[in-house]
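Asks:
Residue numbers (my numbering): 1 to 543.
(1) Spell out the partners DSSP gives residue 279 in its beta bridges.
(2) In the DSSP assignment, what are the bridge partners of residue 131?
(3) If you scan the segment 138-212 from start to end, which runs of the alpha helix (DSSP H) of 4 or more residues do you find wholly inside it?
(4) Compute the beta-carbon to beta-carbon distance between residue 509 and residue 188, rounded to the nearest angstrom, for a pair I have assumed lies under 8 Å.
(5) Taking residue 411 and residue 264 to be in contact with their CB atoms under 8 Å, please state how far apart those CB atoms are, rounded to whole angstroms.
(6) When you compare only the Cα positions, how much space is there between residue 301 and residue 278?
(7) Pick out whichever of 401, 91, 70 has its Cα sitting closest to the Cα of residue 78.
(8) Entirely within the segment 238-293 and at least 3 residues each: give me those beta strand (DSSP E) ranges in chain order.
(9) Given this structure, state the Cα-to-Cα distance separating residue 61 from residue 112, to the nearest angstrom.
(10) How would you write the range of the alpha helix (DSSP H) that residue 410 sits in, first residue to last?
(11) What do you get for residue 181, buried or exposed, if any count of 16 or more other CB atoms within 10 angstroms of its CB means buried?
(12) Going by DSSP, which residues form a beta bridge with residue 452?
(13) Can you give me the C-alpha to C-alpha distance between residue 31 and residue 186, rounded to a whole angstrom?
(14) Mark residue 446 as exposed unless 16 or more other C-beta atoms lie within 10 angstroms of its C-beta, in which case mark it buried.
(15) Just verifying my parser: in three-state terms, what is the DSSP assignment at residue 348?
(16) Kindly give me the distance between the Cβ atoms of residue 483 and residue 464, rounded to whole angstroms, as I take these residues to be in contact under 8 Å.
(17) Where does residue 446 fall in DSSP's three states?
(18) Is residue 515 buried or exposed, if buried means 16 or more other CB atoms sit within 10 Å of its CB?
(19) According to DSSP, residue 220 sits in a beta bridge with which residue or residues?
(20) Could you check what DSSP says for residue 425 in three-state terms: helix, strand or coil?
(21) Check the C-beta distance from residue 380 over to residue 336 and give it rounded, since I have them as a contact under 8 Å.
(22) May I have the straight-line CA-CA distance separating residue 533 from residue 417, to the nearest angstrom?
(23) Identify which residue in 231, 251, 253, 252 has its Cα closest to the Cα of residue 243.
(24) Within its chain, find whatever has a CB closer than 6 Å to the CB of residue 421; leave out the 5 residues flanking it on each side and keep chain order.
(25) Alpha helix (DSSP H) containing residue 105: first to last residue?
(26) So residue 320 packs on residue 363, CB below 8 Å; how close in whole Å?
(27) With DSSP run on the structure shown, which of helix, strand or coil describes residue 331?
(28) Identify whether residue 308 lies in helix, strand or coil by the three-state DSSP scheme.
(29) Whose C-alpha, out of 206, 98, 41, is nearest the C-alpha of residue 171?
(30) What first and last residue would you give for the alpha helix (DSSP H) that runs through residue 495?
(31) Mark residue 368 as exposed unless 16 or more other C-beta atoms lie within 10 angstroms of its C-beta, in which case mark it buried.
(32) Quick check: what's the CA-CA separation for residue 223 versus residue 431?
(33) Under the rule that 16 or more other beta-carbon atoms within 10 Å means buried, what is residue 504, buried or exposed?
(34) Under 8 Å by Cβ, that's how I've got residue 254 and residue 373 pegged, so tell me the actual separation to the nearest angstrom.
(35) Suppose contacts are defined by Cβ-Cβ distances below 8 Å. Is residue 468 in contact with residue 520 by that definition?
(36) Looking only at its own chain, which residues have a Cβ that is under 6 Å from the Cβ of residue 133, when we skip the five neighbours before and after it?
Structure follows, in structure tokens:
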């Protein structure tokens with residue numbers, strides 16, 4: 001599970017070797033490149049928001065054969081070629097040398113030194129020329145976002161595929177595409193998520209850092225990762241394929257992170273008019289043949305802050321029922337949670353919603369079960385939750401200083417302000433304590449959900465998520481971490497819930513990226529917690 005990362009500003013050894021050939025003298029005849037035959041064309045560079053190269057094209061070597069011009073014995077020549085390029089079956093090379101057509105590739109992406117050795121064989125039937133090749137200097141970093149171009153120079157995944165026409169435009173080859181991604185932040189996110197996945201033996205994970213004022217994605221990762229320089233995948237094309245993008249394509253029930261959305265809906269719609277308002281969480285709710293229970297129940301009436309702080313399914317379900325299915329769907333749609341995420345990628349997952357959205361579905365969706373969405377869906381929704389109530393469409397394109405995106409209001413500024421205090425409460429006194437990053441006033445919500453299996457749920461197969469933001473007194477960034485099937489360990493007393501597995505990722509990421517993003521620490525600033533803390537105290541004292 002260990003992810004090998006190149007330094008964000010450097011080149012991989014593979015890339016370095018390939019780029020070294022630019023300093024070599026071309027073999028004779030190299031002006032007649034394969035572009036004239038195959039149509040492989042250069043692509044515009046892709047840069048991060050600070051100008052770091054994420055993808056670029058250069059002319060590499062290839063070996064082709066004109067069978068009718070060969071003077072050497074194909075069997076002997078194939079053995080000579082195999083000895084030079086290595087790890088190739090001479091019989092396979094011989095079949096290509098004996099090809100009945102006029103021209104055929106034998107090997108592409110030939111190392112410069114090997115190209116010189118092949119040229120020295122001197123057979124006029126061998127063609128060692130140049131063609132455009134796409135390279136990714138930072139290897140696995142942001143691979144699912146950038147995607148890759150195939151060996152024929154066509155975008156095959158990620159931004160490479162989605163922006164194929166733009167990147168191939170001959171009039172814009174010198175104009176790089178600048179992404180919203182910050183390679184330094186991406187590196188921190190990938191490294192911390194990978195370490196936590198390894199620690200808890202998780203099978204996968206995803207992470208997102210988003211600017212809540214613009215919708216720009218500053219970092220986004222799906223793990224395990226792949227190297228776009230060698231994008232050969234394992235698996236069958238589903239989530240066991242390393243190219244599968246868990247951040248934008250995988251859909252999951254994200255558990256109690258949805259409780260924040262439900263409370264915001266209740267505040268905005270007037271269902272909840274005061275933080276002192278209470279709901280009966282003294283006993284489970286019977287819902288058809290099921291029961292809605294609390295993981296660690298308080299078994300009493302709970303105020304709104306306590307419902308959130310203690311992550312009460314019962315209290316949230318009662319609140320969602322008062323909101324009702326129509327209003328719930330309206331708010332979820334406004335937050336983009338009922339359609340594919342709008343993002344510059346082809347890999348976008350369609351949410352899974354109930355066929356019959358009645359009272360039971362309304363209650364379970366209220367606390368994060370029954371509606372499956374992507375992590376990107378949730379990050380964008382949390383952006384609207386904390387930024388004053390405006391939903392901004394997430395984007396991977398760098399926005400200029402004057403490119404203020406057009407958002408849509410979902411919540412009032414007052415609702416957003418109250419939610420920021422509640423999110424901070426969860427980190428200060430609730431299930432999200434392990435997400436705290438000293439000085440940076442983190443707020444957020446944990447979510448632990450069992451994965452669906454055979455019409456029910458697999459109790460030991462969890463999706464754990466922490467969706468948060470910082471600094472909560474003036475939120476600037478959403479930070480989300482999700483782990484797929486983490487395992488409990490001795491250090492976490494056998495627990496694999498989000499507070500133990502996902503929240504610590506956010507803590508470490510925030511501590512690392514805040515200085516990069518010019519967010520200064522403070523021991524004096526914080527959210528105004530007076531109203532929510534008073535209700536927690538009052539209910540306890542009255543109890």
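Where a beta carbon is used, it is the ideal one built from N, C-alpha and C, also for glycine. The structure presented is a predicted model; accordingly, all values stated were derived computationally and were not measured.
Replies: Reading off the structure:
(1) Reading the chain shown from its first residue, position 279 is the one you call residue 279. Bridge pairing for residue 279: 302 [DSSP].
(2) What you label residue 131 is simply residue 131 of the chain shown in a count that begins at 1. Beta-bridge pairing links residue 131 to 60.
(3) 143-146, 158-162, 164-168, 183-199
(4) Along the chain shown, read from residue 1 onward, the residue named residue 509 stands at position 509. Along the chain shown, read from residue 1 onward, the residue named residue 188 stands at position 188. With 8 Å as the limit, residue 509 and residue 188 qualify as a contact, their Cβ atoms being about 6 Å apart.
(5) Mapped onto the chain shown, residue 411 falls at position 411. Mapped onto the chain shown, residue 264 falls at position 264. At roughly 6 Å, the Cβ-Cβ gap stays under 8 Å, so residue 411 and residue 264 are in contact.
(6) Translated into positions along the chain shown, residue 301 becomes position 301. Translated into positions along the chain shown, residue 278 becomes position 278. The alpha-carbon of residue 301 is positioned some 6 Å away from that of residue 278.
(7) Position 78 of the chain shown, counting from 1, holds the residue named residue 78. Of the listed residues, the one whose Cα sits closest to residue 78 is 91.
(8) 278-280, 285-287, 290-292
(9) The sequence position of residue 61 within the chain shown is 61, counting from 1. The sequence position of residue 112 within the chain shown is 112, counting from 1. Taking the straight line from one Cα to the other gives about 7 Å.
(10) For the purposes of this step, residue 410 is taken as residue 410 along the chain shown, with counting starting at 1. Segment: none, residue 410 is in no alpha helix (DSSP H) and carries neither H nor E.
(11) Taking the first residue of the chain shown as position 1, residue 181 is located at position 181. Burial call: buried.
(12) Indexing the chain shown from 1 puts residue 452 at position 452. DSSP output for residue 452 lists 457 as bridge partner(s).
(13) Position 31 of the chain shown, counting from 1, holds the residue named residue 31. Position 186 of the chain shown, counting from 1, holds the residue named residue 186. Residue placement at residue 31 is flagged as unreliable, the pLDDT there being 33, under the threshold of 50; a coordinate-derived value is accordingly withheld.
(14) Counting from one through the chain shown, the residue named residue 446 turns up at place 446. Buried, since its Cβ has 16 or more Cβ neighbours within 10 Å.
(15) Your numbering for residue 348 matches position 348 in the chain shown. The three-state reading of DSSP puts residue 348 in coil, since its state is none of H, G, I, E or B.
(16) By one-based count along the chain shown, residue 483 stands at place 483. By one-based count along the chain shown, residue 464 stands at place 464. That pair is a contact at about 5 Å.
(17) Here residue 446 corresponds to residue number 446 of the chain shown, with the count starting at 1. Strand, per DSSP.
(18) Residue numbering aside, residue 515 sits at position 515 when the chain shown is read from its first letter. Result: exposed.
(19) Locating residue 220 in the chain shown gives position 220, where the first residue counts as 1. DSSP lists 208 as the bridge partner or partners of residue 220.
(20) Along the chain shown, read from residue 1 onward, the residue named residue 425 stands at position 425. Look at residue 425 here: in three-state DSSP terms it is helix.
(21) To locate residue 380, count along the chain shown from 1; it is residue 380. To locate residue 336, count along the chain shown from 1; it is residue 336. Yes, they are in contact, since the Cβ atoms of residue 380 and residue 336 sit about 6 Å apart, within 8 Å.
(22) Sequence index remark: in the chain shown, residue 533 carries index 533 (1-based). Sequence index remark: in the chain shown, residue 417 carries index 417 (1-based). Between the alpha carbons of residue 533 and residue 417 lies a distance of about 15 Å.
(23) Walking along the chain shown from the start, residue 243 turns up at place 243. The shortest C-alpha separation from residue 243 is found at 231.
(24) Reading the chain shown from its first residue, position 421 is the one you call residue 421. Here the set comprises 527, 529, 532.
(25) The residue you call residue 105 lines up with position 105 of the chain shown. Careful: residue 105 lies outside any alpha helix (DSSP H), inside the beta strand (DSSP E) at 104-110.
(26) Within the chain shown, residue 320 is the residue found at index 320, counting from 1. Within the chain shown, residue 363 is the residue found at index 363, counting from 1. 5 Å between Cβ atoms; contact.
(27) As a working mapping, residue 331 is identified with position 331 in the chain shown. In the three-state DSSP reduction, residue 331 falls in the helix class (H, G or I).
(28) As a first step, residue 308 must be located in the chain shown, where it is residue number 308. Helix, per DSSP.
(29) Numbered from its first residue, the chain shown carries residue 171 at position 171. Residue 41 is the option with its Cα nearest to residue 171.
(30) The residue you call residue 495 lines up with position 495 of the chain shown. Unbroken run through residue 495: none, as it is neither H nor E.
(31) Along the chain shown, one-based indexing puts residue 368 at 368. Label assigned to residue 368: buried.
(32) To locate residue 223, count along the chain shown from 1; it is residue 223. To locate residue 431, count along the chain shown from 1; it is residue 431. A straight line joining the alpha-carbon of residue 223 with that of residue 431 spans about 25 Å.
(33) Locating residue 504 in the chain shown gives position 504, counting from the first residue. Residue 504 is buried by the Cβ-count criterion.
(34) Here residue 254 is taken as the residue at index 254 of the chain shown, counted from 1. Here residue 373 is taken as the residue at index 373 of the chain shown, counted from 1. Residue 254 to residue 373, Cβ: 7 Å. Contact.
(35) As a working mapping, residue 468 is identified with position 468 in the chain shown. As a working mapping, residue 520 is identified with position 520 in the chain shown. Taking 8 Å as the Cβ cut-off, residue 468 and residue 520 do not qualify as a contacting pair.
(36) One-based indexing of the chain shown puts residue 133 at position 133. Same-chain partners within the cutoff: 60.
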